[in-house]
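*Asks:* First, the structure itself, so that you have it in front of you.
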Ligand code: ADP
Ligand code: MG
């Protein structure tokens with residue numbers, strides 16, 4: 182690999198260093214030592230984008246970049262929370278956690294404690310916590326720092342107050358997926374479909390998760406790009422987010438409407454665009470925008486299934502055209518791209534990437550490129566130069582190496 186990829190910005194900092202940072206933050210904020218440090222990963226979705234809420238198939242995997250939570254129990258019903266990434270600490274009563282309260286970042290943590298209780302996963306002895314979090318996952322870059330935050334605290338609480346249910350082989354871990362989703366939807370009032378939390382809870386190093394979002398069934402698919410002389414490069418465009426939430430709601434509403442008109446529970450399960458079109462025409466629906474949204478969901482889910490087959494056969498190097506087609510579909514049928522993402526994808530391909538696409542919500546955030554390991558430096562140079570040529574914000578980069586799920590750090 183080139184010199185460039187060995188720099189500290191590429192790979193996550195060492196486990197020991199990050200755990201120590203969270204511990205030191207804890208001691209500075211609360212005094213004394215935490216009971217332990219737990220961590221949960223960010224994620225990137227290889228393919229199957231914007232199909233989770235349509236019951237389609239997606240292939241997310243965990244990053245080596247993790248969010249670390251140093252935690253100690255309390256007995257007075259209070260939650261005291263600090264973050265190394267944000268200035269405002271938060272203190273409040275567990276009993277007061279409710280929709281929209283707390284507002285801001287603390288909602289993800291307080292919401293997780295609340296939701297685990299609602300799910301019946303914490304013992305009656307749970308009487309609050311002091312928690313300090315430190316994140317190596319870029320925040321708000323489409324790499325799911327929010328689920329990493331929820332699940333870092335969530336596994337801590339399951340270990341401390343859930344009878345050790347944070348352990349990797351514990352069946353109760355699945356409850357953390359639901360709790361994270363509820364924290365985000367019901368307390369932080371943010372939209373999330375569950376892919377992020379499922380990845381943080383179920384991921385395995387060297388594997389990609391095949392997640393069927395209709396049933397939430399998961400299958401582990403071997404995925405170790407380095408073993409094939411390849412790398413997944415993540416380009417964080419650092420673009421300012423533009424209307425991501427309203428656009429997300431709009432696409433979700435289109436999917437729900439099409440499914441209702443067709444009388445199917447999960448649009449992402451359909452296999453034929455032509456059949457969906459004739460079904461919609463039969464009920465008088467011929468809106469070309471809606472038809473494009475439907476086409477994305479059906480073809481993207483098919484691409485994710487095809488990619489899963491390739492991974493199962495060990496044909497990692499053949500993923501490129503599927504990534505490219507995913508990007509085209511997200512850009513043209515789902516209308517989610519922006520100048521920064523186009524620049525990153527164009528420049529990656531021009532510099533030799535086997536395939537590239539936008540990931541996450543769109544309108545900013547990140548793109549991924551499948552790149553020969555020896556070409557990573559070249560791709561980075563080109564992506565950076567192209568952004569400058571187009572007058573765009575300077576992107577940042579990290580290598581996505583399929584990594585382990587949440588657990589004790
Ligand atoms: P993503 O999950 O893609 O990073 P989201 O908008 O879903 O983007 O979540 C980002 C939000 O999660 C931040 O605005 C903040 O409220 C919260 N968050 C994530 N990581 C941290 C952290 N380390 N400290 C405090 N808040 C965080
Ligand atoms: Mg998120």
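Residue numbers (this note's numbering): 182 to 590.
Here a beta-carbon is modelled for each residue, glycine too, at the ideal position from N, C-alpha and C.
Please determine whether the Cβ atom of residue 377 lies at a distance below 7 Å from any heavy atom of the ligand MG.
*Replies:* Here residue 377 is taken as the residue at index 196 of the chain shown, counted from 1. Yes, Cβ of residue 377 sits closer than 7 Å to a heavy atom of the ligand MG.
*Asks:* If I measure Cβ to Cβ from residue 534 and keep anything under 7 Å in the same chain, skipping five residues before and after, which residues do I get?
*Replies:* Position 353 of the chain shown, counting from 1, holds the residue named residue 534. Result list for residue 534: 550, 551, 552, 560, in chain order.
*Asks:* Comparing C-alpha positions only, which one of 314, 191, 462, 469 sits nearest to residue 287?
*Replies:* By one-based count along the chain shown, residue 287 stands at place 106. If we check each option's Cα against that of residue 287, 314 comes out closest.
*Asks:* Mind reading off the beta-carbon distance from residue 221 to residue 333? Whole number of angstroms is fine, and I expect it under 8 Å.
*Replies:* To locate residue 221, count along the chain shown from 1; it is residue 40. To locate residue 333, count along the chain shown from 1; it is residue 152. Their Cβ separation, rounded to whole angstroms, is 4 Å, which keeps residue 221 and residue 333 in contact under 8 Å.
*Asks:* Please classify residue 332: does DSSP put it in a helix, a strand, or coil?
*Replies:* Taking the chain shown and counting its residues from 1, one reaches residue 332 at position 151. If DSSP states are grouped into helix, strand and coil, residue 332 belongs with the helices.
*Asks:* How would the residue list near the ligand ADP read, in chain order, if you kept each one whose beta-carbon is closer than 5 Å to any heavy atom?
*Replies:* 264, 266, 267, 286, 316, 320, 321, 323, 325, 326, 327, 330
*Asks:* Assess contact between the region 197-206 and the region 241-259, defined as three or more Cβ pairs (one per stretch) separated by less than 8 Å. Is contact present?
*Replies:* yes
*Asks:* With which residues is residue 398 paired in a DSSP beta bridge?
*Replies:* For the purposes of this step, residue 398 is taken as the residue at position 217 of the chain shown. Its beta-bridge partners are 393.
*Asks:* Going by the C-beta, is residue 208 closer than 7 Å to any heavy atom of the ligand MN?
*Replies:* The ligand MN is not part of this structure, which contains only the ligand ADP and the ligand MG.
*Asks:* Examine the ligand MG and report whether any of its heavy atoms sits within less than 7 Å of the Cβ of residue 380.
*Replies:* The residue you call residue 380 lines up with position 199 of the chain shown. Result no, Cβ not under 7 Å from the ligand MG.
*Asks:* Is there at least one non-hydrogen atom of the ligand MG closer than 7 Å to the beta-carbon of residue 373?
*Replies:* To locate residue 373, count along the chain shown from 1; it is residue 192. In this structure, the ligand MG has a non-hydrogen atom nearer than 7 Å to the beta-carbon of residue 373.
*Asks:* Can you tell me the Cβ-Cβ gap for residue 385 and residue 585, rounded? I've got them flagged as a contact below 8 Å.
*Replies:* The count along the chain shown starts at 1 and reaches residue 385 at position 204. The count along the chain shown starts at 1 and reaches residue 585 at position 404. Rounded, the Cβ-Cβ distance is 6 Å, consistent with contact.
*Asks:* Taking Cβ to Cβ, would you say residue 528 is nearer than 8 Å to residue 575?
*Replies:* Locating residue 528 in the chain shown gives position 347, where the first residue counts as 1. Locating residue 575 in the chain shown gives position 394, where the first residue counts as 1. In this structure, residue 528 lies away from residue 575, with their beta-carbon atoms at least 8 Å apart.
*Asks:* Classify residue 378: buried if its beta carbon has 16 or more other beta carbons within 10 angstroms, exposed otherwise.
*Replies:* Here the question's residue 378 lines up with position 197 in the chain shown. Buried, by the Cβ-count rule.
*Asks:* Report yes or no: do the region 220-235 and the region 425-437 share at least 3 C-beta pairs separated by less than 8 Å?
*Replies:* yes
*Asks:* I believe residue 571 touches residue 524 by the beta-carbon criterion, under 8 Å. Please report the beta-carbon distance rounded to the nearest angstrom.
*Replies:* Sequence index remark: in the chain shown, residue 571 carries index 390 (1-based). Sequence index remark: in the chain shown, residue 524 carries index 343 (1-based). Contact flag correct, Cβ pair sits at about 5 Å.
*Asks:* Select from 337, 478, 325 the residue whose C-alpha is nearest the C-alpha of residue 394.
*Replies:* Position 213 of the chain shown holds residue 394. It is 478 whose Cα lies nearest to the Cα of residue 394.
*Asks:* Among 316, 554, 349, which residue has its Cα nearest to the Cα of residue 587?
*Replies:* For the purposes of this step, residue 587 is taken as residue 406 along the chain shown, with counting starting at 1. If we check each option's Cα against that of residue 587, 349 comes out closest.
*Asks:* Express the C-alpha separation of residue 309 and residue 255 in angstroms, rounding to a whole number.
*Replies:* Indexing the chain shown from 1 puts residue 255 at position 74. Indexing the chain shown from 1 puts residue 309 at position 128. Rounded to the nearest angstrom, the two C-alpha atoms are 5 Å apart.
*Asks:* Exposed or buried, residue 542, counting other C-beta atoms within 10 Å across all chains shown (16 or more means buried)?
*Replies:* By one-based count along the chain shown, residue 542 stands at place 361. Classification of residue 542: buried, given that the 10 Å Cβ count is 16 or more.
*Asks:* Where does residue 289 fall in DSSP's three states?
*Replies:* Within the chain shown, numbered from 1, the residue matching residue 289 stands at position 108. Three-state result, residue 289: helix.
*Asks:* When the cut-off is 8 Å and only beta carbons count, does residue 218 lie next to chain D?
*Replies:* Here chain D cannot be found, since the structure has a single protein chain.
*Asks:* Quick check on the burial criterion: 16 or more other C-beta atoms within 10 angstroms. Buried or exposed for residue 508?
*Replies:* Start at 1 with the first residue of the chain shown, and residue 508 comes out as number 327. Buried.
*Asks:* Any chance you could list the beta strand (DSSP E) runs of at least 3 consecutive residues sitting entirely within the region 448-535, in chain order?
*Replies:* You should have found no qualifying run.
*Asks:* Around the C-beta of residue 579, are 16 or more other C-beta atoms found within 10 angstroms, so that it is buried, or is it exposed?
*Replies:* Position 398 of the chain shown, counting from 1, holds the residue named residue 579. Residue 579 is buried by the Cβ-count criterion.
*Asks:* When the Cα atoms are used, what is the spatial distance from residue 338 to residue 501?
*Replies:* Taking the first residue of the chain shown as position 1, residue 338 is located at position 157. Taking the first residue of the chain shown as position 1, residue 501 is located at position 320. For residue 338 and residue 501, the distance between alpha carbons rounds to 40 Å.
*Asks:* Taking the alpha carbon of residue 516 as the point to measure from, which residue in 198, 431, 316 has its own alpha carbon closest?
*Replies:* As a first step, residue 516 is located in the chain shown; it is residue number 335 there, counting from the start. It is 431 whose Cα lies nearest to the Cα of residue 516.
*Asks:* Over the uninterrupted beta strand (DSSP E) stretch that includes residue 231, give me the two end residues.
*Replies:* Residue mapping note: residue 231 aligns to position 50 of the chain shown, counting from 1. It is not in any beta strand (DSSP E) - residue 231 carries neither H nor E in the DSSP assignment.
*Asks:* For a test of the three-state rule: what should DSSP assign to residue 414, helix, strand or coil?
*Replies:* Sequence index remark: in the chain shown, residue 414 carries index 233 (1-based). DSSP places residue 414 in strand when its eight states are reduced to three.
*Asks:* Quick check: the Cα distance between residue 192 and residue 546, rounded to an integer number of angstroms?
*Replies:* As a working mapping, residue 192 is identified with position 11 in the chain shown. As a working mapping, residue 546 is identified with position 365 in the chain shown. Whole-angstrom Cα-Cα distance: 19 Å.
*Asks:* Going by DSSP, what residue range makes up the beta strand (DSSP E) through residue 404?
*Replies:* For the purposes of this step, residue 404 is taken as residue 223 along the chain shown, with counting starting at 1. Residue 404 -> no beta strand (DSSP E), and no H or E assigned at all.
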